[in-house]
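All remarks here apply to the structure that follows.
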Amino acid sequence: MEDVPTRSQAMGQLTWTVAGSQVLGLAVIAITGVWMGHYRGGISWSGMQQFNVHPLCMVIGMVFLYGDAVLVHRVFRNETKRITKILHGVIHCMAFIIAIVGLVAVFEFHRKSNITDMYSLHSWCGIATFALFFIQWILGFSFFLFPGVTFSLRSSYKPLHGFFGIALFALSIGTCLLGILEKIFFSIPMTNTGYEPERVLANVLGLLLVAFGISVGYIVTKEEWRRQPLPEEQALSMDFKTLTEGDSPSDS
Ligand code: HEM
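Following this line, the structure appears as structure tokens:
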């Protein structure tokens with residue numbers, strides 16, 4: 243007979259997997275920092291170093307914080323739905339602001355250095371990802387945090403929000419890989435060996451980004467780890483359905 247993990251075993255596995263994902267996410271930020279700080283002259287809002295703000299902010303905002311915002315509903319499973327929704331929104335808001343700083347840095351750097359804008363596949367994917375992220379944020383806010391939206395409207399939008407949340411996260415990681423590839427070609431001269439430490443570091447960064455993406459994707463798509471509504475929330479959601487749609491709780 244197949245061994246089904248008990249609830250406490252399942253929660254233990256969730257804790258370890260989340261911890262692993264955080265180690266990967268923090269390693270992504272640390273390696274980007276080392277790449278830009280040690281090999282590319284550091285981080286500053288002026289000169290050549292202004293570009294370096296871009297990768298660092300993009301991995302913090304569009305990858306690490308975005309991933310953690312997605313994980314909120316799995317990690318804080320004993321908090322009320324309202325708290326997890328607010329936390330999810332706040333982390334996304336931080337991700338959004340940090341991503342804007344990263345984008346302004348690269349556009350300003352291009353303007354000051356007379357470099358054409360938006361010529362690469364990376365920049366096209368980047369703008370598309372950011373624009374879709376913004377739309378997803380506005381729709382999520384309007385449907386889930388704005389009072390007055392009916393129960394059925396929320397329920398029908400929820401699967402779309404979940405699907406696009408994961409799709410955009412994957413797009414974000416793909417965009418970072420394209421950006422890393424471009425930076426490697428622009429900045430690291432090819433030697434005979436091809437194994438210069440900076441190139442190896444950048445390749446490792448790419449692999450870690452993929453590993454972080456897979457770990458977050460695994461956690462959010464695993465059925466047993468889905469957050470179950472607390473008993474009082476079930477009662478509240480019945481009341482909300484009745485209030486917004488007028489039918490009696492016994493009808494559903
Ligand atoms: C989801 C994350 C990212 C987004 C949304 C994004 C977006 C963009 C955009 C829109 C530009 C064009 C700026 C302009 O035309 O003036 C750009 C440029 C650039 N980005 Fe990123 N980026 C991301 C992550 C990264 C990362 C991790 C790197 C790694 C080093 C990187 C490297 C570059 C490079 C080298 C350029 C200049 C060349 C070009 O315009 O394609 N980006 N990025």
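All the letters of the sequence shown, read from the start, carry residue numbers 243 to 494 under my numbering. Heads up, the beta-carbon is just placed ideally off N, CA and C, and yes, glycines get one too.
Report yes if the C-beta distance between residue 347 and residue 304 is below 8 Å; otherwise report no. no
Hey, is the stretch 330 to 344 in contact with the stretch 390 to 398, meaning 3+ C-beta pairs nearer than 8 Å? no
According to DSSP, is residue 494 part of a helix, a strand, or is it coil? Note on residue 494: pLDDT 29, under 50, position unreliable in the model; no value is reported.
Can you tell me the Cα-Cα spacing of residue 405 and residue 266, whole angstroms? 23 Å
Can you tell me whether residue 287 is helix, strand or coil according to DSSP? coil
Taking the C-alpha atoms as reference points, what is the distance between residue 202 and residue 417? Residue coverage of the chain in this structure runs from 243 to 494, which leaves residue 202 outside it and unanswerable.
Cβ-heavy atom distance between residue 247 and the ligand HEM below 7 Å? no
My understanding is that residue 351 touches residue 255, with C-beta atoms under 8 Å, so please give their C-beta distance in whole angstroms. 44 Å between Cβ atoms; not a contact.
As an exercise, report each continuous alpha helix (DSSP H) stretch of at least 4 residues that is fully enclosed by the stretch 329 to 416, in chain order. 363 to 382
Keeping to the same chain, check which residues put their C-beta closer than 7 Å to that of residue 383; ignore five residues upstream and five downstream. Non-local beta-carbon contacts of residue 383 in its own chain, meaning distances under 7 Å to residues more than five positions away in sequence, involve 331 in chain order.
Looking at C-alpha atoms only, which residue of 322, 287, 315 and 299 is the closest neighbour of residue 462? 315
Take residue 258 and list the residues in its own chain whose beta-carbon comes closer than 7 Å to its own, dropping the five residues that flank it on each side. none
For residue 426, which option in 438, 335 and 320 has the closest C-alpha, if you only look at C-alpha atoms? Ranking 438, 335 and 320 by Cα distance to residue 426 puts 438 first.
Proximity winner among 247, 312, 284 and 287, relative to residue 260 (alpha-carbon distances): 312
May I ask you to report which of helix, strand or coil DSSP gives residue 247? In the three-state DSSP reduction, residue 247 falls in the coil class, being neither helix nor strand.
Enumerate in chain order the residues of its own chain whose CB-to-CB distance from residue 407 is below 7 Å, with the five nearest sequence positions on each side excluded. 312 and 378
Please confirm whether any heavy atom of the ligand HEM lies closer than 7 Å to the CB of residue 352. yes
Of the residues 272, 374 and 442, which one's Cα is nearest the Cα of residue 530? What the structure shows of the chain is the stretch from 243 to 494, and residue 530 is not part of that stretch, so it cannot be assessed.
Could you give the residue range of the alpha helix (DSSP H) that holds residue 472? Annotation: residue 472 is outside any alpha helix (DSSP H) and is labelled neither H nor E by DSSP.
Could you check what DSSP says for residue 308 in three-state terms: helix, strand or coil? helix
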